[in-house]
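Enquirer: So the sequences go chain by chain: A and B. Mapping the first sequence onto the working numbering, position 15 (from 1) lands on 15, and the numbers just tick up by one. Mapping the second sequence onto the working numbering, position 124 (from 1) lands on 558, and the numbers just tick up by one. Ideal Cβ placement from N, Cα and C applies to all residues, glycine included. Please find one structure pasted underneath; my questions will follow.
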Amino acid sequence: MDHIVIIGNGISGVTTARHIRKLSDKKITIISAETDYFFSRTALMYIYMGHMKFEHTQPYENWFWEKNRIELKKGYVKTVETKSKSLHFADGDTLQYDKLVIATGSKPNKFGWPGQDLDGVMGMYHKQDLDKLEKYAPNKETCKRAVIVGGGLIGIELAEMLNSRSIPVTFLVRENSFWNGVLPSGESEMINRHIKNHHIDLRLSTNLKEIKANESGQVTSVIIEETGEELECNVVGLTAGVSPNIDFIKESEIETGRGVKVNRFLETNIKDVYAIGDCAEQHQPIGNRRPIEAVWYTGRMMGETLAQTICGNRVEYKPGHWFNSAKFMDIEYQTYGLVFGERSRPNYEKHFHWKHEDDTKCITIAYDKSNNKFLGINTFGIRMRHEVFDRWLTEKRDVDYVMNNLSEANFDPEFYKRFETDILFAYNQQLQIA
Amino acid sequence: MSNKINHSMSLAKPDALDITTKQKVSLATGIFGLFIFILALFNTNFPNKGTFLTLALLLISGGIIVYSREAYLSKLEGIKNDGQWFKSISSRGVWGWVLGLVLTGFYIVLYFYPKYLGLGQGINDANAGLVGLFDPLSQLLSGRDASQWFVYGTLYTIAILAFGYKFILKYKHNKYQQLRTFSVMFFQLGFAFLIPEFMYVMNNDLPYYDLKSVWPLNYYIFDEWSVNGFLSNGNIGLALILFGIASIFVITPILTYKFGKRWYCSWVCGCGGLAETAGDSFRHLSSKKMSAWKLERWLIHLVLVFSIVMTTAMVYTYLGYDKNDFWLTRGVFIAMVIGFLTLVFAGVMFFKRQELGKDAKYGAIGFFSIIAILLIMHFTGTTNHVFYIKGGALRSAYGIYIGSIFSGVIGTGFYPILGSRSWCRFGCPMAAILGFQQRLFSKFRITTNGGQCISCGNCSNSCEMGIDVRHYAQKGENIVRSSCVGCGICSAVCPRGVLKLENDTMKGRINPTEVLLGNDVDLMELVNQK
Chain A
1 MDHIVIIGNG ISGVTTARHI RKLSDKKITI ISAETDYFFS RTALMYIYMG
51 HMKFEHTQPY ENWFWEKNRI ELKKGYVKTV ETKSKSLHFA DGDTLQYDKL
101 VIATGSKPNK FGWPGQDLDG VMGMYHKQDL DKLEKYAPNK ETCKRAVIVG
151 GGLIGIELAE MLNSRSIPVT FLVRENSFWN GVLPSGESEM INRHIKNHHI
201 DLRLSTNLKE IKANESGQVT SVIIEETGEE LECNVVGLTA GVSPNIDFIK
251 ESEIETGRGV KVNRFLETNI KDVYAIGDCA EQHQPIGNRR PIEAVWYTGR
301 MMGETLAQTI CGNRVEYKPG HWFNSAKFMD IEYQTYGLVF GERSRPNYEK
351 HFHWKHEDDT KCITIAYDKS NNKFLGINTF GIRMRHEVFD RWLTEKRDVD
401 YVMNNLSEAN FDPEFYKRFE TDILFAYNQQ LQIA
Chain B
435 MSNKINHSMS LAKPDALDIT TKQKVSLATG IFGLFIFILA LFNTNFPNKG
485 TFLTLALLLI SGGIIVYSRE AYLSKLEGIK NDGQWFKSIS SRGVWGWVLG
535 LVLTGFYIVL YFYPKYLGLG QGINDANAGL VGLFDPLSQL LSGRDASQWF
585 VYGTLYTIAI LAFGYKFILK YKHNKYQQLR TFSVMFFQLG FAFLIPEFMY
635 VMNNDLPYYD LKSVWPLNYY IFDEWSVNGF LSNGNIGLAL ILFGIASIFV
685 ITPILTYKFG KRWYCSWVCG CGGLAETAGD SFRHLSSKKM SAWKLERWLI
735 HLVLVFSIVM TTAMVYTYLG YDKNDFWLTR GVFIAMVIGF LTLVFAGVMF
785 FKRQELGKDA KYGAIGFFSI IAILLIMHFT GTTNHVFYIK GGALRSAYGI
835 YIGSIFSGVI GTGFYPILGS RSWCRFGCPM AAILGFQQRL FSKFRITTNG
885 GQCISCGNCS NSCEMGIDVR HYAQKGENIV RSSCVGCGIC SAVCPRGVLK
935 LENDTMKGRI NPTEVLLGND VDLMELVNQK
């Protein structure tokens with residue numbers, strides 16, 4: 001009987017294990033150094049905010065694993081020996097595998113800032129980061145100010161977390177507007193204002209120079225690169241993106257770039273070794289996608305796909321239309337298809353942008369200006385149906401069709417005010433001007 | 435471990451989020467209002483009861499209103515659950531237990547020892563104490579002295595109105611929540627509280643009848659005194675009892691088919707109304723374990739069986755044998771009940787056998803046991819006795835154990851321990867019937883938005899009925915569960931816009947999937963066709 005060993009108990013690894021179990025009777029072991037059981041990483045913030053307890057972030061009850069004969073091993077894999085198909089743990093233990101799945105996810109980026117490893121400096125990715133935050137920022141008396149470095153999805157979540165305990169936050173963002181590498185300017189600027197409305201000290205076009213500490217190694221302040229200003233603080237959150245968490249295989253024969261190199265079947269250069277999720281790097285990007293996609297959904301989809309391959313039905317990883325979602329403080333964001341921000345926008349892509357006067361709702365629809373083909377939508381504060389946009393993208397609908405049928409895609413709760421008429425009106429107005 | 439899982443035993447919990455000075459003042463105001471009740475309870479002789487009662491009620495509602503305005507109006511619209519698992523009162527901390535004990539104690543006194551509330555303890559059996567304090571209001575509304583039920587009804591209504599206001603502010607961005615809350619406030623104030631009082635004024639022989647309270651929740655509607663009360667009051671009484679019957683067999687199924695059981699449980703019902711308003715701070719305490727779900731399914735259906743058998747037996751004992759007295763004799767009645775149950779059972783087995791899976795077996799066992807029980811009753815029953823015990827004893831056992839202890843003492847008293855809907859979830863026979871209809875014959879479902887779920891658990895955490903919503907959402911599967919009361923909080927708290935309550939066609943309502951939307955289309959087809 002094949003022994004499938006999965007390193008990493010995140011969404012990718014666990015999805016693989018679950019689907020292998022559905023399809024076969026193979027022996028399955030999941031290894032993690034982080035926690036005993038699978039939990040939803042995206043929900044860590046809600047524990048600190050007091051919405052949930054840690055146990056609520058675990059999608060399966062503890063009996064689930066034994067019932068489904070999925071063995072769990074807590075331990076840190078130090079090295080992988082592919083010739084003898086064995087794993088060596090930090091505590092000296094070893095484990096044999098027949099097939100190995102690397103699903104170790106990401107780790108927060110650090111860019112060599114002076115002081116980046118001091119006490120009170122942390123990312124917000126692992127369960128251990130949350131424990132650290134609880135230790136260094138339990139309340140506003142212990143943590144008089146926190147500085148967050150890096151304006152992405154994790155940065156704004158960390159700001160929301162600290163805000164929930166009334167801890168003053170200074171938010172350093174390298175770009176001149178929040179997350180505008182991804183978001184078009186209208187949306188990005190709306191989020192800037194929303195952040196400030198939450199009394200967060202948002203500093204755009206601002207970089208970290210160094211982090212200072214007292215004699216016991218505790219953070220006391222940060223220095224800002226541009227102005228040289230010194231900001232007193234007790235906690236520094238480093239949230240300038242993530243990169244694959246693969247240091248432990250650098251010594252092995254498995255090929256790595258930024259991540260573990262895989263082909264379209266999620267196979268590495270070594271037979272019977274696979275990599276999925278945040279830590280996998282495609283040799284060639286798939287369509288307009290990035291070679292590394294550190295997103296919950298892609299991790300899950302790779303897990304669904306790889307389980308097929310491992311169980312004898314070798315299938316290519318072919319993700320469907322891109323989609324994603326996030327929440328910026330109180331504003332929900334969903335995206336279907338591809339909408340590019342100014343910096344990386346292809347020149348055939350044109351945008352229609354509508355924003356509600358209350359400054360918490362807007363949409364941006366991207367289309368090909370040569371043939372009016374609908375390319376994608378970003379929606380803020382209005383929920384939309386995944387299924388409908390997925391279908392429209394497959395059917396290659398044009399932008400007029402999408403605009404005229406937008407109400408079909410609405411997914412807001414019942415009795416909510418609807419904006420399709422306003423949006424269509426604005427769209428037609430714009431056409432007349434253009 | 436951090437994360438506040440271990441509660442400090444200190445009452446002034448160091449980690450609890452601070453409340454503002456204004457909130458402290460309003461809290462004190464409310465407590466002062468309650469203090470007037472305490473004084474009344476200890477037979478303080480207030481010079482002008484009407485004034486003090488008004489003062490107490492105003493202080494309590496005013497305290498809640500000011501507290502809520504301070505809590506929500508100063509903040510931006512959004513989800514306001516910060517610190518709910520840190521606060522002692524809403525996370526089974528010391529204050530949670532204290533409140534639980536106080537509420538439970540109140541219910542025990544209310545149901546079993548009303549004399550301690552002052553009922554009939556004054557001169558010439560007049561009221562004293564707390565009940566006495568409420569006499570002026572009762573006199574004003576219906577021209578009679580208060581009872582312990584009037585006191586309870588007033589406090590209940592105040593709780594729904596004041597905490598309903600709080601809830602509306604908490605969800606000021608959510609129209610569904612606001613309308614739903616406005617609806618329960620309206621039905622409580624009008625149908626449960628005022629209309630029955632006015633009906634008494636118009637015709638004081640009519641039994642108390644809260645029109646929105648349907649059998650089997652309203653388990654006394656078919657009691658002999660109640661039926662006699664209705665029937666001896668001419669056309670209006672007859673109309674009321676016919677309405678009661680129509681509610682069960684016609685109105686309820688139609689509305690549940692169209693809207694799901696939420697039309698009742700979270701828009702109309704008084705028990706639900708209290709749970710959604712005053713109980714809102716405790717909704718996350720319901721257990722989401724599989725074991726709790728198993729217990730729930732056994733318990734609620736046993737209560738349903740108990741209530742059907744009890745009601746049938748009650749009606750049975752006051753019917754005659756001879757059809758010359760009245761066409762509805764015992765024999766005819768039993769035949770009708772068995773006939774109706776058989777019709778329902780056969781219909782379900784015929785149309786929904788596939789959906790039920792192995793539960794069909796339990797359903798069949800349940801059905802045949804009820805039939806057997808009813809037949810045994812028919813052939814062994816005498817004028818006063820069914821199952822060799824007094825018919826009245828069965829009825830009073832139901833009243834005490836289900837009507838009082840389960841729904842009141844445990845159902846509401848344990849809010850801070852078991853969550854706000856333990857009665858609705860584990861005990862309410864009405865919820866069982868509506869849930870049965872909702873699961874099998876309703877357009878209602880909670881739609882899951884393709885592959886957008888991130889398994890965060892906010893939905894499951896805030897489900898007062900203990901449904902593991904995430905279990906379905908993360909599979910891209912719609913939620914069609916008999917226990918769902920359609921409160922919509924799962925949808926409200928979802929950070930990724932994954933859940934939507936809606937009434938759509940029956941077709942494709944239940945949609946189990948293997949691979950989620952967003953993945954390779956060929957792969958999805960491949961695994962889903964299996």
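Once you ignore the five residues that flank T454(B) on each side, which residues in its own chain have a CB closer than 8 angstroms to its CB?
Expert: Cβ within range, chain order: E504.
Enquirer: Do T364(A) and P184(A) count as a contact pair if the criterion is CB distance below 7 angstroms?
Expert: Yes, the Cβ-Cβ distance between P184(A) and T364(A) is below 7 angstroms.
Enquirer: Looking at the structure shown, is M443(B) part of a helix, part of a strand, or coil, going by DSSP?
Expert: At M443(B), the pLDDT of 45 sits below 50, so the modelled position is not reliable; the number obtained from the coordinates is stated separately. Note: M443(B) maps to coil in three-state DSSP.
Enquirer: Taking R731(B) as the reference, give the member of Y634(B), V932(B), F860(B) and L828(B) with the closest Cα.
Expert: It is F860(B).
Enquirer: Could you tell me the boundaries of the beta strand (DSSP E) in which N378(A) lies?
Expert: It spans F374 to F380 - the beta strand (DSSP E) in which N378(A) sits, taken as one unbroken run.
Enquirer: Please report the distance separating the alpha-carbon of K609(B) from that of G539(B).
Expert: Rounded to the nearest angstrom, the two C-alpha atoms are 37 angstroms apart.
Enquirer: Can you give me the Cβ contacts of D390(B) inside the same chain, cut-off strictly under 6 angstroms, excluding the 5 residues immediately before and after it?
Expert: A query on residue 390(B) cannot be resolved here, the shown segment of chain B reaching from 435 to 964 and no further.
Enquirer: Taking 6 angstroms as the cut-off, is the C-beta of K396(A) nearer than that to any heavy atom in the ligand SAM?
Expert: As far as ligands go, the structure on display features none, and thus does not contain the ligand SAM.
Enquirer: Within its chain, find whatever has a CB closer than 8 angstroms to the CB of Y634(B); leave out the 5 residues flanking it on each side and keep chain order.
Expert: Closer than 8 angstroms at Cβ, skipping near neighbours: S576, R578, L640 and Y642.
Enquirer: Based on Cα-Cα distance, which residue from L72(A), V339(A) and L204(A) lies nearest to I28(A)?
Expert: Minimum Cα distance to I28(A) is reached at L72(A).
Enquirer: Mind checking whether G186(A) and H353(A) have CB atoms under 7 angstroms apart?
Expert: Taking 7 angstroms as the Cβ cut-off, G186(A) and H353(A) qualify as a contacting pair.
Enquirer: Is any beta-carbon of chain B found at less than 7 angstroms from that of H353(A)?
Expert: Judged by the 7 angstroms Cβ criterion, H353(A) is not in contact with chain B.
Enquirer: Going by the DSSP bridge assignment, what does G900(B) pair with across the sheet?
Expert: In DSSP, G900(B) forms no bridge with anything.
Enquirer: I need the DSSP call for A326(A), collapsed to helix, strand or coil.
Expert: A326(A) falls in the strand class under three-state DSSP.
Enquirer: My output table needs one value for A213(A): the three-state DSSP class, helix, strand or coil.
Expert: In the structure shown, A213(A) sits in a strand (DSSP, three-state: E or B).
Enquirer: Strictly by DSSP, which residues pair up with K27(A)?
Expert: DSSP, once it has assigned bridges, lists H3(A) as partnering K27(A).
Enquirer: What does N197(A) reach in chain B if we use C-beta pairs closer than 7 angstroms?
Expert: Simply L510.
Enquirer: Span of the alpha helix (DSSP H) holding W984(B)?
Expert: This structure gives no information on residue 984(B), because the portion of chain B shown stretches from 435 to 964.
Enquirer: Does the Cβ-Cβ distance between I6(A) and G13(A) come in under 7 angstroms?
Expert: Contact flag set, yes.
Enquirer: Whose C-alpha, out of N953(B), G869(B), G920(B) and G885(B), is nearest the C-alpha of V932(B)?
Expert: If we check each option's Cα against that of V932(B), G885(B) comes out closest.
Enquirer: Exposed or buried, what is T94(A) when buried is set at 16 or more other beta-carbons lying within 10 Å of its beta-carbon?
Expert: By the 10 Å Cβ count, T94(A) comes out exposed.
Enquirer: I want to see whether chain B comes within less than 7 angstroms of K140(A), judged by CB atoms only; does it?
Expert: By this cut-off, K140(A) is not an interface position.
Enquirer: Indicate the three-state DSSP secondary structure (helix, strand or coil) for P548(B) in the structure shown.
Expert: Reduced to three states, the DSSP call for P548(B) is helix.
Enquirer: What does Y416(A) touch in chain B if you count any residue whose Cβ is under 7 angstroms from its own?
Expert: Those within 7 angstroms of Y416(A) in chain B are K609.
Enquirer: Please decide whether I888(B) counts as near chain A, where near means a Cβ-Cβ distance under 7 angstroms.
Expert: Yes, because at least one Cβ of chain A sits closer than 7 angstroms to the Cβ of I888(B).
Enquirer: With DSSP collapsed to three states, give me the class of F597(B).
Expert: F597(B) falls in the helix class under three-state DSSP.
Enquirer: So R937(B) is in the beta strand (DSSP E); what residue range does that whole segment cover?
Expert: With the sequence shown as reference, residue 937(B) is identified as Asn, and Arg is not the correct amino acid for it. That run of the beta strand (DSSP E) goes L933 to N937.
Enquirer: Measuring straight from C-alpha to C-alpha, what distance separates G847(B) and S700(B)?
Expert: Cα to Cα, the separation comes out at about 20 angstroms.
Enquirer: What separation, rounded to the nearest whole angstrom, lies between the Cα atoms of I679(B) and F801(B)?
Expert: If you take the alpha carbons of I679(B) and F801(B), they lie about 22 angstroms apart.
Enquirer: Does the beta carbon of G277(A) come closer than 7 angstroms to any beta carbon on chain B?
Expert: Not one chain B Cβ lies under 7 angstroms of G277(A).
Enquirer: Does DSSP put S917(B) in a helix, in a strand, or in coil?
Expert: Residue state, collapsed to three classes: coil.
Enquirer: The beta strand (DSSP E) spanning G337(A) covers which residue range?
Expert: Segment I331 to G337, the beta strand (DSSP E) holding G337(A).
Enquirer: Does chain B have any CB closer than 7 angstroms to the CB of M301(A)?
Expert: Answer yes: the Cβ-Cβ gap between M301(A) and chain B drops below 7 angstroms somewhere.
Enquirer: Do you know how far the Cα of D644(B) is from the Cα of F627(B)?
Expert: If you take the alpha carbons of F627(B) and D644(B), they lie about 8 angstroms apart.
Enquirer: Let me see if you follow: with CB-CB separation under 7 angstroms, is S24(A) close to chain B or not?
Expert: Chain B, which has no Cβ nearer than 7 angstroms to the Cβ of S24(A), makes this no.
Enquirer: Would you call the region 153-160 of chain A in contact with the region 228-244 of chain A, where contact means no fewer than 3 C-beta pairs closer than 8 angstroms?
Expert: With the cut-off at 8 angstroms, the region 153-160 of chain A and the region 228-244 of chain A touch.
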